[in-house]
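From first to last, the protein sequence lines stand for chains L and S.
Take the first sequence: its position 186, counted from the start at 1, is 186 in our numbering, and no numbers get skipped.
Count along the second sequence from 1, then add 866; that gives the number in our numbering.
Heads up: the structure comes next, in structure tokens.
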Amino acid sequence: MKVPLSWIKEYVDIDLSIEELGRRMTLAGLEVEEIQYVGYPLLEGDQRREAKISGFAWGPDQIVVGAILEVMPHPDADKLVLCKLDDGEQVHTVLTGAPNLYEFKGAGPLDTPLKVAYAREGATIINAYEPGNNPTTLKRKKIRGVESYSMACSERELGISDEHEGIIILDDDAPVGAPLVDYMGDVVFDIAITPNFARDANVIGVAREIAAITGAELSYPDLDIPMDGPPLEGRVKIEITDPNLNPRFVFGLIENVVIKPSPYKVQLRLKLAGMRPIDALVDATNYAMLELGEPLHAFDYDVLVRRAVRQVANLSYPTIITRPAEQGEKLVTLDDVERTLDDFTVMVCDQSGSLALAGVMGGAESEISENTTNILLEGAAWNIINTRRTVISQNLPSEAAYRFSRGVHPEMAPKGVLRGLKLMHEWAGGTIAQGLVDEYPLPPEDPTVEITADDVRRWLGIELSVKEIVGILESLEFTCQLGIRYQESGTSDKTLIPDTQSLITVTTPDHRLDISTGVIGKADLMEEIARVYGYDRIPETRLSDDLPPQRGNDELEIEEALRDLLAGLGLQEVITHRMTSSERETRRLSPDTPPDDAPYFTLANPITPERSVLRHSLLASVLEIVERNARIRERIAIFEINPVFLASEDGDLPDETKQLVIVLTGPRALADWAGADTSPMDFFDLKGIVDSTLRGLHLEDIRYENAEHPSFHPGKCARVTLGGNQIGVMGELHPQVKGNYDLPETPLLAADFDVTAIINAVPTLFDVTSIPSQPPMLEDIALIVDESLPAAKVEALIRQTGGRTVTNLRLFDIYRGEQIGAGKKSLAYSLTYQNPERTLTDKDAAKLRNKIIKRLERELGAQLRG
Amino acid sequence: MLDKLDQIKQDALDALASAQDEDALESWRVAYLGRSSAIMDVFKNMGGVPQEERGAVGRAANQVKQALEAAFTEKTVTLREVALQHSLSEERLDVTLPGRAIPRGRLHPTTQTLREIYRVFADMGFQIYLSREVETDEYNFQLLNFPLHHPAREMQDTFHIVSEEDRGDNPLLLRAHTSPGQIHAMREYAATDPDNPPPVRIILPGMCYRYEQVSARYESQFTQVEGLAVGHNITFSDLKGTLSDFARRIFGQEVRSRFRASHFPFTEPSAEMDIECFLCGGDGCSVCKDAGWLEILGCGMVHPIVLENGGYDPERYTGFAFGMGPERITMLRHRIEDIRYFWANDMRFLEQF
Ligand SMILES: [Zn+2]
């Protein structure tokens, strides 16, 4: 919301610098997003900037109020005129092409000189012929044979608006020769209004806040108006069908107005506040709304009377009815759009039908026009929720709807009407009918809250005296009473009970709807006290309250340990989008496997069909990342730990199962001068990473068995178990799945693990064995076995047979070839024998070796090689 | 015989003189001091030496052997010295050649920032509490004092989830903030002692979702870290102190912070914390959009309704809560211009962390 400072200053005295004022407003909750300097120099003195600043300064000696005494034709150019202009020092001849002077051309000396914004020779103005706000300095030159060195300015040239069609014509009271900045310079605060500050979306609201934080006095607009016309009573009736939708409805009437433009200074204010001036009547309703926060609606009274007469013969006055719309009801609004309405939309109607969308937009028929002379001015209060729903359903954000959908106190309705009538009377003449017609079926309760200085200490951590607290609240127009307690706050039969405590009973002023009762009201008041006291004055302290029970978060710690292990093994962590589509996820499955028919959690309002469900597969998400990076990186080694979303057996909410996915593809290392191993990574690179990671968490009994899975090559896929429970699968991506993605030629290895299963298996503690003091014996054994025999079986049997004495076992070679025959492979192991109690002899070793070989021969058909 | 010994010695020393490297030296040792060397033959054939000469020949042979051994040792030392000098003077690496590439793993930038946040708050006694991402309207809004038709809960802000059954006023949705965890946590804590619930001091990290058109500034998913402290003695000044300490640890001890009044349904009083723009020092730049200040987090005293809904009596307990965006903090600290980088996972982005 844009608020000109000059307007605020009509209601509160301010002696802070502009930027300091901006800072104080921001801290108090009226966040100043931008300060626009209109005519005044930016950051005068040594002010520190507190927000974004903009604007254009008018040199006080160069840009002044001038008076055009006569408009004369240009000898050679139809589109130009010459003005005789008095700048308070002398009379100049000024050249201009402003169309709004044509009507005075050749009319001789003007009876009333035209006051204009005059830029003297050497003045700096904005170059209106270039985009942006580039300054230019006025120099003496000849235009069409006439010497020109100064000019009468448009708004564009002074940085007021984009208006460059004509020059500014000031009000007649502008003092000739006065610096323009003194006459009409301004500063505009652009304030972000949060929903709870809706009461401040107006000049008085902002002025009240400034008065509170600076300690200045607040004054109010003059509502004392001459009601010289006949009484309004009996000339319009109001019928409210549902007070919850329409707690109050007020009418005033002004007759015989003359429609004309409002004074320039009014127009300027409206422009600076972001509204377009129309004419004196429309401007008056907008001006009153911007000032008091009460949106007004002007009806053409004669149209309403005509409609009433048409409907009921001999009835000469309209009856205005407010009611919810029928579902599907239609109304042409003043923007000439026929609107179909919902039953939550509140309507203003008469006996003949609907007239306006209450609080949102007027109807076309009863709108004021250039022929209007009698105006029925409406001020009302509307239900916040119904207004909001209508704004959304009709997509009609208006200044009125903005305010009503955030709440306007019904007490503002008559004030707004009186202010509007007064301004119309001032700017458009006419006679104001005596009295208002006011239906007020549902006055809100103004809540009462009890607080103590101890509450302030407990919530805010500051010690304020009762007097200070009362001072702060009264500055915001709360009413405070000391040492009494209402028996039951809010009821009409208040019994006063003396209270020994320093209890403050606080009653909410009649412009606010945001204060509750009880402990909630207390919190509301704490915010008011903190804001006015100043958030910056509240000290910073460290928590001194009791610490809670220390539980830590074991699951997260293991999850993070998993991340550290994987990053330590050279993998890059990724975090992908959780939202995807079933089409995207289908790519992870080979074509001859059954589709994933588990139900998806589907978004009701997806942004795009590509992100319309919550994923089932983390593998699918990570594969897309591989695809994206395959174009820029030859070698990819990444992982992610995050949830997938699957239907739960208990309840509607999904199981958010955390998965770990690892993907490798590309060469083991990039080719380098030192002969790095550039062969493509294979299953065993992945297995090495998986195994190191699981062992890094001290997991035991890790087994890998051949398995089948729709994403993996049937012969290159393993199921991984811990103590017999499956925790994940891994393998080389199925060639047909790989074909679904744009991936490099190299094999793609992937693992997909259930993180919760891993976390649950991690032991709290693990044992460490002593370092043996006896020397180890090393021995190599090569065995020829059937090709189909899993190596894990050989290893298990060696360990089983060797017992504790075999402390280490490493497969260091696999050989296949003619030497050993087809269908066979030779596995060469390096064994470490060690006995913790005594030194092993050669004889011991030979004995053990024989035992192992015999058993391998017997049980696995192995054969000792050479 | 003694002459022969002299000859042996002389031959051996001559041969030794010509040995130029360790291999030659070893061959020399085998030839002149080995089992079948001439001097060893003398010892072996001692039986053939007349009895009376044996003493003298034996002594002489020993002297020769010792002399040869000494010469060998000396020559070895000399040769090693020469080799060392050669190595030191001649061997030169091109140290500018690149090192062998060892792939370095990294954590995602969001994880890195999250961990920093965890650490700072852990030092202040905050423990980590995780909760679900798919929530009900009740937990995401109603229990957090978002009245029906509150602007922040309109369809354009929240992703709703299609349900088979009509869930009425309690539809499923993707959480718009980690705040539902506040209620889950308070209820869990309060259940341990309903009459006298224990204090709470937690942070709640996790992925959140907002219906936003994706752009350089907005993503439809983003992480958030909320904090919650509830107890008998927690004030707004504690909130200021805690969060200012946080800002100093994350952005540097010199950083200035300010708190300004704001509005959130689940806190009262509410505030936003800004820090002075560390890029322009407050003079205004493109990052702070000429304001000189950077919005870092929203915070406030926990609203009585929220305390009540969590099982904490607002007449006896107070608390504060805050929420911040790790991506935004990461973007500010590294001048990242596009939030979409975070989930796009382009290695050229990730590898810079
Ligand atoms: Zn900056």
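Glycine is no exception: its CB is placed at the ideal position from the N, C-alpha and C atoms.
Between the CA atoms of residue j and residue i - distance to the nearest angstrom
i          : j          : result
Tyr40(L)   : Leu16(L)   : 15 Å
Lys716(L)  : Leu589(L)  : 15 Å
Pro175(L)  : Ser369(L)  : 34 Å
Phe1130(S) : Thr507(L)  : 23 Å
Thr593(L)  : Pro710(L)  : 6 Å
Glu705(L)  : Ile771(L)  : 33 Å
Val1121(S) : Tyr11(L)   : 38 Å
Leu980(S)  : Leu566(L)  : 18 Å
Met227(L)  : Gly435(L)  : 7 Å
Ala671(L)  : Thr678(L)  : 6 Å
Arg1291(S) : Arg611(L)  : For residue 1291(S) there is no data in the structure shown, the boundaries of chain S being 867 and 1219.
Arg920(S)  : Arg895(S)  : 26 Å
Gly802(L)  : Glu837(L)  : 16 Å
Glu338(L)  : Ile160(L)  : 36 Å
Ser354(L)  : Asp283(L)  : 25 Å
Ile1068(S) : Asn1175(S) : 17 Å
Interface flag, residue i vs chain S, CB-CB below 8 Å
i         : result
Ala750(L) : no
Ala51(L)  : yes
Ser773(L) : no
Asn553(L) : yes
Val519(L) : yes
Asp46(L)  : no
Ile385(L) : yes
Tyr533(L) : no
Met526(L) : yes
Thr500(L) : Residue placement at Thr500(L) is poorly supported in this model, since its pLDDT is 49, which falls under 50; the coordinates still yield a value, given next. Closer than 8 Å: no.
Chain L within 8 Å of residue i, Cβ atoms only
i          : result
Asn1062(S) : no
Gly1097(S) : yes
Thr1101(S) : yes
Glu999(S)  : yes
Val1066(S) : yes
Phe1117(S) : no
Leu950(S)  : no
Arg970(S)  : yes
Residue i: first and last residue of the uninterrupted alpha helix (DSSP H) it sits in
i         : result
His952(S) : Gln917 to Glu956
Thr345(L) : Neither: Thr345(L) is in no alpha helix (DSSP H) and is coded neither H nor E.
Arg24(L)  : Ile18 to Leu27
Ala846(L) : Asp842 to Leu860
His164(L) : His164(L) -> no alpha helix (DSSP H), and no H or E assigned at all.
Residue interval of the beta strand (DSSP E) (run including residue i)
i          : result
Pro1135(S) : Thr1133 to Glu1142
Glu147(L)  : Val146 to Ser148
Asn706(L)  : Ile702 to Asn706
Met867(S)  : No beta strand (DSSP E) contains Met867(S), which DSSP labels as neither H nor E.
Residue i: CB within 7 Å of a non-hydrogen atom of ligand 1
i          : result
Gly521(L)  : no
Val1153(S) : yes
Leu1145(S) : yes
Arg1118(S) : Contrary to the premise, residue 1118(S) reads as Gly rather than Arg in this sequence. Every heavy atom of ligand 1 is 7 Å or more from the Cβ of Gly1118(S), so no.
Gly430(L)  : no
Gly568(L)  : no
Gly1158(S) : yes
Gly362(L)  : no
Gly1150(S) : yes
Proximal residues of chain B, C-beta to C-beta of residue i below 7 Å
i          : result
Pro1170(S) : No chain B appears in the structure shown, which is made up of the protein chains L and S.
### Task
Report the residues of the stretch 574-591 of chain L with a CB closer than 9 Å to any CB of chain S, ordered along the chain.
Val574, Ile575, Thr576, His577, Arg578 and Met579
#### Entry: Interfacial residues, the stretch 973-994 of chain S to chain L, with Cβ spacing under 8 Å
Leu973, His974, Thr976, Thr977, Arg981, Met990, Gly991, Gln993 and Ile994
### Task
Give, in chain order, every residue of the stretch 602-622 of chain L whose Cβ lies closer than 8 Å to some Cβ of chain S.
Thr602, Leu603, Ala604, Asn605, Pro606, Ile607, Arg611 and Leu614
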